[in-house]
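Peer 1: Residue numbers (this note's numbering), protein chains in the order written: chain W, 1 to 246; chain Y, 1001 to 1246. Take this structure first; my questions come after.
Protein chains: 2
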Amino acid sequence: MRYIKLTLAYDGTNYHGWQLQAPEHGPTIQGVLEDKLQLLTKQPVRVQGAGRTDAGVHALGQVASFATESRIPAERFPLALNSVLPPEIVALEAGDVSAEFNARFSAVRKTYRYHIYHAQQPSPFWYRYAWHVPNKLDLAAMEEGARLLTGTHDFRSFCASGSPVKNFVRTVDACRVEREGNIIQISITADGFLYNMVRIIVGTLVEMGKGKRDPGEMPGIINSRTRVAAGTTAPPQGLFLVSVEY
Amino acid sequence: MRYIKLTLAYDGTNYHGWQLQAPEHGPTIQGVLEDKLQLLTKQPVRVQGAGRTDAGVHALGQVASFATESRIPAERFPLALNSVLPPEIVALEAGDVSAEFNARFSAVRKTYRYHIYHAQQPSPFWYRYAWHVPNKLDLAAMEEGARLLTGTHDFRSFCASGSPVKNFVRTVDACRVEREGNIIQISITADGFLYNMVRIIVGTLVEMGKGKRDPGEMPGIINSRTRVAAGTTAPPQGLFLVSVEY
């Protein structure tokens, strides 16, 4: 048996998220990838993804691992896969790894980025990749809120209710707010993410940018450990899984 | 009667170009825009577009003009239109103009930009907006070819055959090749463009970049005044109408 690590980029607009679902829910990235790997290797393949991105969420550097008895050299997988995958899913790199490697459980750090399209009118090129916010935004307030979020905390306030997780403690290494033209990027690096964590953080930071909340409230929101203390959940299409560290 | 100048951005992927067509050919940008203007003004509206972009071609700053008896203030049109237009078409600005203004015939200069996605594997985010060229490209050769193209010339070699145009002389003010990460941008500003002119110029410059042609051939290609002397026509999806000057 051989073990392969695969790095992928995808546009999640037309997919029902990463994770395999019953076919009536529509196509998923994992489902399409497994089909095409089976086509190439002539064996059923089960892949493990580093981050189970939701419907409409994208990836610049998702990582997947799988076991196979195929003799296709690892470095051939990207070109072979890209010749059969739909254009919304692209294999960027592949390499051999040990049997112990698991794309999900071996990950030590992940970076997500969220795009806000900040202009009066929306953009025909960004509506699938950003949240359109026409309101005036105080970037300094958003930066201050982001700064107060970093560190090791119980992030229960930033976890969608109903999540089966028991341990809500995560370490946010960096949370940065940057503007480039009409795009405001919020990049978050952490050792792990709770369900909807980035989107709830972004929703809360935008409320601080709009002046609806003071950034100084951030420690109180964290300490309350209750979802209702934080802001709304930003829409999925602005979110990108950027990279996974091992 | 009032006369309105409207600036638009659109993603042309799912449209059969700018110009109105018989309905069986599929939707066009002009057709959708006229429908929505009629919905808002409650009168039939005929718009004139500055550049008749082809199927799959995009716009960052297309300009359209129309006459109307509606009393809607010009500056209200963008928000009103964007509430009824599909997300692929966005009205950016509108203003009153004189009866003499015609978006097409009053234009004195236009800028088009072409995107090449230059990387080994394609991108799920650029396949609708760029031409994927994985080959090695000599940027200096492309820049030299672009430089030799500027000026006033008979550009018949860069016009798709069958065009009804009689005067092929155009003045190219600037033709620039720039790289930013994996994207190579070719921007061309001219007083007018022949049919497929930018796409044939890009196809020719890419052949120079690949080393299939020498950039020094450019004056000879121009002087031959025959389409077959130039390179292939680059695919439509990389092309953007950037701006129109009056």
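C-beta: ideal position from N, C-alpha, C; glycine also.
#1: Can you tell me where the alpha helix (DSSP H) holding SER1224 of chain Y begins and where it ends?
#2: Closest Cβ-Cβ distance between TYR127 of chain W and chain Y: below 8 Å?
#3: Excluding the 5 residues preceding and the 5 following PRO1219 of chain Y in the sequence, name in chain order all residues of the same chain whose CB lies nearer than 8 Å to its CB.
#4: For TYR246 of chain W, count neighbouring Cβ atoms within 10 angstroms of its own Cβ and tell me buried if that reaches 16, exposed if not.
#5: Please report the distance separating the alpha-carbon of TRP1131 of chain Y from that of TYR1117 of chain Y.
#6: Rounding to the nearest angstrom, what Cα-Cα distance links LEU6 of chain W and TRP126 of chain W in this structure?
#7: Name the chain Y residues whose beta carbon is nearer than 8 Å to that of ALA91 of chain W?
#8: Give me the Cα-Cα distance between LEU1194 of chain Y and VAL1202 of chain Y, rounded to the nearest whole angstrom.
#9: Can you find a C-beta in chain Y that's less than 8 Å from the C-beta of ASN182 of chain W?
#10: Between W:ILE222, W:PRO122, W:TYR114, W:GLN43, which has its C-alpha nearest MET1 of chain W's C-alpha?
#11: For my contact list, LYS36 of chain W and LEU85 of chain W are in at a C-beta cut-off of 8 Å; report their separation, rounded to the angstrom.
#12: Which residue's Cα is closest to the Cα of THR232 of chain W: W:ALA160, W:HIS58, W:ASP173?
#13: Let me know the alpha helix (DSSP H) ranges lying completely inside the segment 176-216 of chain W, each 4 residues or longer, listed in chain order.
#14: Can you tell me the Cβ-Cβ gap for ALA229 of chain W and ILE221 of chain W, rounded? I've got them flagged as a contact below 8 Å.
#15: Kindly indicate if chain W contains any beta-carbon less than 8 Å away from that of ASP1154 of chain Y.
#16: Measure from the alpha carbon of PRO134 of chain W to the alpha carbon of each residue in Y:HIS1016, Y:LYS1212, Y:LEU1079, then state which is nearest.
#17: Exposed or buried, what is LYS1212 of chain Y when buried is set at 16 or more other beta-carbons lying within 10 Å of its beta-carbon?
#18: Under DSSP, the alpha helix (DSSP H) around ALA140 of chain W begins and ends at which residues?
#19: Could you give the first and the last residue of the continuous alpha helix (DSSP H) run that contains ILE29 of chain W?
#20: Quick one: list the residues of chain Y neighbouring TYR246 of chain W, beta-carbon separation under 7 Å, in chain order.
#21: Roughly how many angstroms separate the alpha carbons of GLU34 of chain W and VAL90 of chain W, rounded to a whole number?
#22: Could you name the residues of the segment 30-54 of chain W whose beta carbon sits closer than 9 Å to any beta carbon of chain Y, in the order they occur along the chain?
#23: How long is the line joining the alpha carbons of LEU1081 of chain Y and TYR1015 of chain Y, rounded to whole angstroms?
#24: Specify the secondary structure class of GLU24 of chain W as computed by DSSP and reduced to three states.
#25: Could you tell me whether the Cβ of ASN82 of chain W comes closer than 8 Å to any Cβ of chain Y?
#26: What would DSSP say about PHE247 of chain W, mapped onto helix, strand or coil?
#27: Look at the Cβ atom of TYR1010 of chain Y, then the Cβ atom of HIS1058 of chain Y, and state whether they are nearer than 8 Å.
#28: On a Cα-Cα basis, can you pick out the residue from Y:THR1028, Y:PRO1215, Y:ARG1052 that is closest to GLU1144 of chain Y?
#29: Let's test the definition: count the other Cβ atoms within 10 Å of the Cβ of VAL108 of chain W and tell me whether it reaches 16, buried, or not, exposed.
#30: Does chain W have any CB closer than 8 Å to the CB of VAL1235 of chain Y?
#31: My output table needs one value for PHE66 of chain W: the three-state DSSP class, helix, strand or coil.
#32: Which residues, taken in chain order from the segment 1005-1017 of chain Y, show a beta carbon closer than 8 Å to some beta carbon of chain W?
#33: Tell me the start and end of each unbroken beta strand (DSSP E) in the segment 104-137 of chain W that is at least 3 residues and wholly inside, in chain order.
#34: Starting from the Cα of THR1189 of chain Y, find the closest Cα among Y:THR1068, Y:VAL1177, Y:GLU1217 and give me that residue.
#35: Suppose the cutoff is 7 Å on Cβ atoms and the five residues either side in sequence are ignored; what does the same chain contact list for THR1152 of chain Y look like?
#36: Using DSSP bridges, identify the partner residues of ILE4 of chain W.
Peer 2: The structure says:
#1: Taking the second sequence and counting its residues from 1, one reaches residue 1224 of chain Y at position 224. SER1224 of chain Y -> alpha helix (DSSP H) spans 1218-1224.
#2: Here the question's residue 127 of chain W lines up with position 127 in the first sequence. Taking CB atoms only, TYR127 of chain W has a neighbour in chain Y less than 8 Å away.
#3: As a position in the second sequence, residue 1219 of chain Y is number 219, starting the count at 1. Cβ neighbours of PRO1219 of chain Y beyond the five flanking positions: LEU1148.
#4: Here the question's residue 246 of chain W lines up with position 246 in the first sequence. Exposed, because fewer than 16 other Cβ atoms sit within 10 Å of the Cβ of TYR246 of chain W.
#5: In the second sequence, residue 1131 of chain Y corresponds to position 131, counting from 1. In the second sequence, residue 1117 of chain Y corresponds to position 117, counting from 1. So the alpha carbons of these two residues sit roughly 6 Å apart.
#6: Walking along the first sequence from the start, residue 6 of chain W turns up at place 6. Walking along the first sequence from the start, residue 126 of chain W turns up at place 126. Near 27 Å, if we compare the C-alpha coordinates of TRP126 of chain W and LEU6 of chain W.
#7: Mapped onto the first sequence, residue 91 of chain W falls at position 91. Here the neighbours are GLN1121.
#8: The residue given as residue 1194 of chain Y occupies position 194 in the second sequence. The residue given as residue 1202 of chain Y occupies position 202 in the second sequence. Their Cα atoms are separated by approximately 14 Å.
#9: Reading the first sequence from its first residue, position 182 is the one you call residue 182 of chain W. With 8 Å as the cut-off, ASN182 of chain W does not count as an interface residue toward chain Y.
#10: Taking the first sequence and counting its residues from 1, one reaches residue 1 of chain W at position 1. The alpha carbon of MET1 of chain W has as its nearest neighbour, out of W:ILE222, W:PRO122, W:TYR114, W:GLN43, the alpha carbon of W:GLN43.
#11: In the first sequence, residue 36 of chain W corresponds to position 36, counting from 1. In the first sequence, residue 85 of chain W corresponds to position 85, counting from 1. Yes, they are in contact, since the Cβ atoms of LYS36 of chain W and LEU85 of chain W sit about 5 Å apart, within 8 Å.
#12: On the first sequence, position 232 is the one that residue 232 of chain W refers to. Answer by Cα proximity: W:ALA160.
#13: 197-209, all fully within the segment 176-216 of chain W.
#14: For the purposes of this step, residue 229 of chain W is taken as residue 229 along the first sequence, with counting starting at 1. For the purposes of this step, residue 221 of chain W is taken as residue 221 along the first sequence, with counting starting at 1. With 8 Å as the limit, ALA229 of chain W and ILE221 of chain W qualify as a contact, their Cβ atoms being about 5 Å apart.
#15: The sequence position of residue 1154 of chain Y within the second sequence is 154, counting from 1. It does not; no Cβ of chain W falls within 8 Å.
#16: Here residue 134 of chain W is taken as the residue at index 134 of the first sequence, counted from 1. Distances from the CA of PRO134 of chain W to each of Y:HIS1016, Y:LYS1212, Y:LEU1079 were compared; the closest alpha carbon is that of Y:LEU1079.
#17: Taking the second sequence and counting its residues from 1, the one referred to as residue 1212 of chain Y is at position 212. With fewer than 16 other Cβ atoms within 10 Å, it is exposed.
#18: Numbered from its first residue, the first sequence carries residue 140 of chain W at position 140. Unbroken alpha helix (DSSP H) run through ALA140 of chain W: 139-149.
#19: Within the first sequence, residue 29 of chain W is the residue found at index 29, counting from 1. Taken as a continuous stretch (DSSP letters only), the alpha helix (DSSP H) holding ILE29 of chain W covers 29-41.
#20: What you label residue 246 of chain W is simply residue 246 of the first sequence in a count that begins at 1. Chain-ordered listing is empty here: chain Y has no CB closer than 7 Å to the CB of TYR246 of chain W, the nearest sitting near 21 Å.
#21: The residue labelled residue 34 of chain W in the question sits at position 34 within the first sequence. The residue labelled residue 90 of chain W in the question sits at position 90 within the first sequence. Straight-line Cα distance between these residues: approximately 13 Å.
#22: none
#23: Mapped onto the second sequence, residue 1081 of chain Y falls at position 81. Mapped onto the second sequence, residue 1015 of chain Y falls at position 15. One C-alpha to the other measures close to 18 Å.
#24: Numbered from its first residue, the first sequence carries residue 24 of chain W at position 24. GLU24 of chain W falls in the helix class under three-state DSSP.
#25: Walking along the first sequence from the start, residue 82 of chain W turns up at place 82. Judged by the 8 Å Cβ criterion, ASN82 of chain W is in contact with chain Y.
#26: Shown here, chain W extends from 1 to 246; a query on residue 247 of chain W therefore has no answer.
#27: By 1-based counting over the second sequence, the position of residue 1010 of chain Y is 10. By 1-based counting over the second sequence, the position of residue 1058 of chain Y is 58. Against a cut-off of 8 Å, the Cβ pair of HIS1058 of chain Y and TYR1010 of chain Y comes out as a contact.
#28: One-based indexing of the second sequence puts residue 1144 of chain Y at position 144. That would be Y:PRO1215, whose Cα lies nearest to the Cα of GLU1144 of chain Y.
#29: Taking the first residue of the first sequence as position 1, residue 108 of chain W is located at position 108. Note on VAL108 of chain W: under 16 other CB atoms within 10 angstroms of its CB, so exposed under the neighbour-count rule.
#30: Residue numbering aside, residue 1235 of chain Y sits at position 235 when the second sequence is read from its first letter. Residue 1235 of chain Y is actually Pro in this sequence, not Val. No - not a single Cβ of chain W is within 8 Å of the one on PRO1235 of chain Y.
#31: Here residue 66 of chain W is taken as the residue at index 66 of the first sequence, counted from 1. Strand.
#32: ALA1009, TYR1010, ASP1011
#33: Listed in chain order, the complete beta strand (DSSP E) runs (minimum 3 residues) inside the segment 104-137 of chain W are 109-117.
#34: Here the question's residue 1189 of chain Y lines up with position 189 in the second sequence. The candidate whose alpha carbon is nearest that of THR1189 of chain Y is Y:VAL1177.
#35: Your numbering for residue 1152 of chain Y matches position 152 in the second sequence. Here the set comprises VAL1169, THR1171.
#36: Stepping through the first sequence from its first residue, residue 4 of chain W is reached at position 4. BP columns for ILE4 of chain W point to W:PHE66, W:ASP96.
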